[in-house]
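What follows is one structure encoded as structure tokens, with my remarks underneath.
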Amino acid sequence: MRGVAAVVVAVFHFHGELAPSGYLAVDFFFALSGFVLWKNYAPRFERSGLTTGAFLLCRFIRLYPLFLLGAAFGFIFALQGYLRHSDGAASAPDLVASAIFNIFMLPAPFGRVLYPLNPPAWSLFYELLANAALCAVLVRVRYATSILILCIAAIGLILLDLYNGSLGGGDEWSTTITAIFRTVFSFTAGVVLARSTASLSSCFLS
């Protein structure tokens, strides 16, 4: 499923007309992440004393190599555009500043796009934020509270869709609110599903 979703996202970015709703595969990634991380790490928080710092370091190490590879390719592409004086090419100061921020996996605080060297990298940034939320909130609240969070995020997405006419966005600063609600809803949906299956298993085994 992850492989199919990755292909859909790639098609959306290169030939959007072939998969106009392909961006929703990113939401599937968030949901899958919430499900898998809950299954793998929630018991460790409870039984093994896994710390927040150790968990986030583990997730950073897992995500950073792919992020860095994408940023490197993006920098090479942007650099050749600058050297060839291509239309819309970034200026030298913007290119250097983007590289400095993006290499630390931080969004560039200027311009329109969070990650000028690799715009789709916004999803990895929000993935890390969702992982932090898993430690700070989702593993500490009751199952009913996680469902409430899911419902609030769903209402927010509905309102955003009615206002914007789409749930796309996340790579630009102007779509930050949409990105937050997409991440919270999808990631929490995965966590809720994982907790639901755990509850059902307990019922059948007891």
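Using the working numbering, read the sequence shown as starting at 310 and increasing by one per residue.
Every residue gets a Cβ at the ideal spot worked out from N, C-alpha and C, and that includes glycine.
Since we're looking at a predicted model, the values are computed, not measured.
Is there at least one Cβ from chain C nearer than 7 Å to residue i's Cβ?
i    : result
E355 : Among the protein chains of the structure shown there is no chain C, as only one such chain exists.
Near residue i, which residues of its chain fall below 6 Å by C-beta distance, leaving aside the five closest residues on each side in sequence?
i    : result
A503 : F344, W347, K348
G478 : T484, T487
G465 : F490
G390 : A398
N411 : A380, Y424, L426
Spell out the partners DSSP gives residue i in its beta bridges.
i    : result
E355 : Answer is none; E355 lacks a bridge partner.
V422 : E481
Among residues of its own chain, excluding the 5 on either side of residue i, which ones have a beta-carbon nearer than 7 Å to its beta-carbon?
i    : result
L459 : F494, T497, A498, V501
I456 : V501
Y332 : F321, G477
M414 : Y373, F376, F434
On a CA-only basis, which of the options is nearest residue i? Give me that one, please.
i    : options                : result
A340 : E436, A328, F419, L377 : E436
N440 : Y332, L372, P418       : L372
V405 : L415, F364, F384, R311 : F384
G379 : F490, W482, R393, W431 : W431
A445 : F338, I467, A381, L365 : L365
A442 : G362, G390, A319       : G362
Y452 : I412, L469, T506, V422 : T506
E355 : D470, V450, I412       : V450
L438 : L468, I467, I409, S342 : S342
Contact defined as beta carbons within less than 8 Å: I believe residue i pairs with residue j. What is the distance between those atoms, to the nearest angstrom?
i    : j    : result
A314 : A334 : 4 Å
R491 : D396 : That belief does not hold up - the Cβ atoms of R491 and D396 are roughly 31 Å apart, past 8 Å.
D480 : P428 : 4 Å
L359 : R368 : Incorrect: roughly 12 Å between the Cβ atoms, too far for contact.
V448 : A351 : 6 Å
W482 : R421 : 7 Å
Identify, in the order they occur along the chain, each residue of the same chain with its Cβ nearer than 8 Å to the Cβ of residue i, setting aside the five sequence neighbours on each side.
i    : result
L375 : L433
A387 : A398, A399, L404, S407, P425, L426
F419 : D403, A406
A463 : F494
R311 : F338, L341
V317 : A328, G331, A334
Quiz item: Okay, do the stretch 482-502 and the stretch 339-358 touch, 3+ Cβ pairs below 8 Å being the bar?
Solution: yes
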